[in-house]
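K.L.:
Pasting in a structure now, in C-alpha cells, and then I'll have a few things to ask.
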Amino acid sequence: GAVVSQHPSRVICKSGTSVKIECRSLDFQATTMFWYRQFPKKSLMLMATSNEGSKATYEQGVEKDKFLINHASLTLSTLTVTSAHPEDSSFYICSAPGREDRNEQFFGPGTRLTVL
Amino acid sequence: QKEVEQNSGPLSVPEGAIASLNCTYSDRVSQSFFWYRQYSGKSPELIMSIYSNGDKEDGRFTAQLNKASQYVSLLIRDSQPSDSATYLCAVNRVRNQGGKLIFGQGTELSVKP
Numbered sequence: 001g002a003v004v005s006q007h008p009s010r011v012i013c014k015s016g017t018s019v020k021i022e023c024r025s026l027d028f029q030a031t032t033m034f035w036y037r038q039f040p041k042k043s044l045m046l047m048a049t050s051n052e053g054s055k056a057t058y059e060q061g062v063e064k065d066k067f068l069i070n071h072a073s074l075t076l077s078t079l080t081v082t083s084a085h086p087e088d089s090s091f092y093i094c095s096a097p098g099r100e101d102r103n104e105q106f107f108g109p110g111t112r113l114t115v116l
Numbered sequence: 117q118k119e120v121e122q123n124s125g126p127l128s129v130p131e132g133a134i135a136s137l138n139c140t141y142s143d144r145v146s147q148s149f150f151w152y153r154q155y156s157g158k159s160p161e162l163i164m165s166i167y168s169n170g171d172k173e174d175g176r177f178t179a180q181l182n183k184a185s186q187y188v189s190l191l192i193r194d195s196q197p198s199d200s201a202t203y204l205c206a207v208n209r210v211r212n213q214g215g216k217l218i219f220g221q222g223t224e225l226s227v228k229p
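So the protein lines, in turn, are chains F and L.
Using our numbering, you'd call the opening residue of the first sequence number 1 and step up by one each time.
Using our numbering, you'd call the opening residue of the second sequence number 117 and step up by one each time.
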C-alpha cells in the first residue's frame, strides 16, 4: 500500500483566516495526489488533483482561488483554504497512489476543519 | 443517474452471517473498482481492488465484478461487530496513476452481536 500522513488532524479557526493542510506520502514518491472533502453523513467529493511540477486540476464547482493546492515535492502536497468561512467546515482528506499498485489510492487520516 | 450507486442502508446482519454489499456504476468504460471501509470519524481504508470479471477473495472478503451488468459487490463472511462501518464503492475509468476515483454514497453496515 502506501503510508500517507496529514497535518494537522484537527483545526479550529476564525472566519476569514487561511488554513494550510499538509499531505505527505511517506514511503512512495507520488507525482499525483488527490484532495477530497467529506461532509457529515455524505460521501467523498473529489476537489482537485494535485500534480507535481504543474498546476492542480480542479473539479467543476471548486474555486481554485479559494482552495490553493501546491505540490511542492514528490512527497508533499498542501491545500490552503483561504479566507475560510463556516460553510468550509468539513473533513478534508488527501490520497496518494499505492507503491505496488499505482491504480490503488490510499488515504491520509484526514483533517477536520471547523470555521467559527 | 448517479455515476456510482449504492444502497445507503443501514444494512443490519447478525454476527457470523454473510453481509452482501452492492454497487452499480453507469460508465461502461470503467476499468478499476474498489471497496473502502470507513469507520465513523476516520478516513477510508482500502479493502479490495478488482479489475477483471469474476470473484476475488481476500480472507473473509470477496469482491465480485460483472462488467456486462455494470455491477460490483462485496461479500463479508462471518461478519463481526468490528465490521460495522460504512462501505464505499469507488470506480475509476482508467487503470493508471492519476485516474480519478468516483465514490458511491456508501452503505452503512451494522453487525449485531
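For glycine and all other residues, C-beta sits at the position ideal for the given N, C-alpha and C.
Nothing here was measured: the structure is a model prediction, and the numbers come from that model.
1. Report the neighbours of L/Ser-142 on chain F: residues whose CB is nearer than 7 Å to its CB, in chain order.
2. In chain L, what lies closer than 7 Å to F/Gln-105 by C-beta?
3. Thinking C-beta only, is F/Thr-80 closer than 8 Å to F/Pro-8?
4. So who's on the other strand from F/Ile-12, going by DSSP bridges?
5. Starting from L/Tyr-155, follow the beta strand (DSSP E) in both directions and report where the run begins and ends.
6. Grouping DSSP H, G and I as helix and E and B as strand, with all else coil, what is L/Pro-160?
7. Please confirm if L/Gln-180 has its CB atom under 8 Å from at least one CB of chain F.
8. Which residues, taken in chain order from the segment 159-179 of chain L, show a beta carbon closer than 7 Å to some beta carbon of chain F?
9. By how many angstroms is the C-alpha of F/Leu-76 removed from the C-alpha of F/Asp-27?
10. In chain F, which residues lie less than 7 Å from L/Gly-222 when you measure between Cβ atoms?
11. Bridge partners of F/Arg-24, per DSSP?
12. Return helix, strand or coil for F/Glu-87, following the three-state DSSP convention.
13. Report all residues from its chain with a CB closer than 6 Å to the CB of F/Glu-120; omit the five preceding and five following residues, and keep chain order.
14. Please state whether DSSP places L/Asp-174 in a helix, a strand or coil.
15. At the 8 Å Cβ level, is L/Ser-146 part of the contact set with chain F, yes or no?
16. Report yes or no: do three or more beta-carbon pairs, one from the segment 145-153 of chain L and one from the segment 128-135 of chain L, lie closer than 8 Å?
17. How many Å lie between L/Asp-171 and F/Gly-16 at the Cα?
18. What does a CB cutoff of less than 6 Å around F/Thr-114 pick up in its chain, not counting 5 residues either side in sequence?
19. Would you mind stating whether L/Cys-205 and L/Val-227 have Cβ atoms separated by less than 8 Å?
20. Around the Cβ of L/Pro-197, are there at least 16 other Cβ atoms within 10 angstroms (buried) or fewer (exposed)?
21. Can you name, in chain order, every residue of its own chain whose Cβ lies under 6 Å from the Cβ of L/Cys-139, other than the five neighbours on each side?
22. Would you report the Cα separation of L/Leu-162 and F/Thr-82, rounded to the nearest angstrom?
P.N.:
Concretely, from the data shown:
1. Residues of chain F passing the Cβ test: none, with the nearest at roughly 15 Å.
2. Leu-217
3. Contact: no.
4. F/Thr-114
5. No beta strand (DSSP E) holds L/Tyr-155; DSSP gives it neither H nor E.
6. coil
7. No, L/Gln-180 lies away from the interface with chain F (no Cβ there is under 8 Å from its Cβ).
8. Ser-159, Pro-160, Leu-162 and Ser-165
9. Taking the straight line joining both Cα atoms gives about 11 Å.
10. Those within 7 Å of L/Gly-222 in chain F are Ser-43.
11. F/Ser-5 and F/Leu-76
12. helix
13. Past the edges of chain F, shown from 1 to 116, lies residue 120 of chain F, and the structure says nothing about it.
14. strand
15. no
16. no
17. 51 Å
18. Within the same chain, F/Thr-114 has close Cβ partners Ile-12 and Ser-89.
19. Not a contact, by the Cβ cut-off of 8 Å.
20. Exposed is the call here.
21. Gln-122, Val-188, Cys-205 and Gly-220
22. 31 Å
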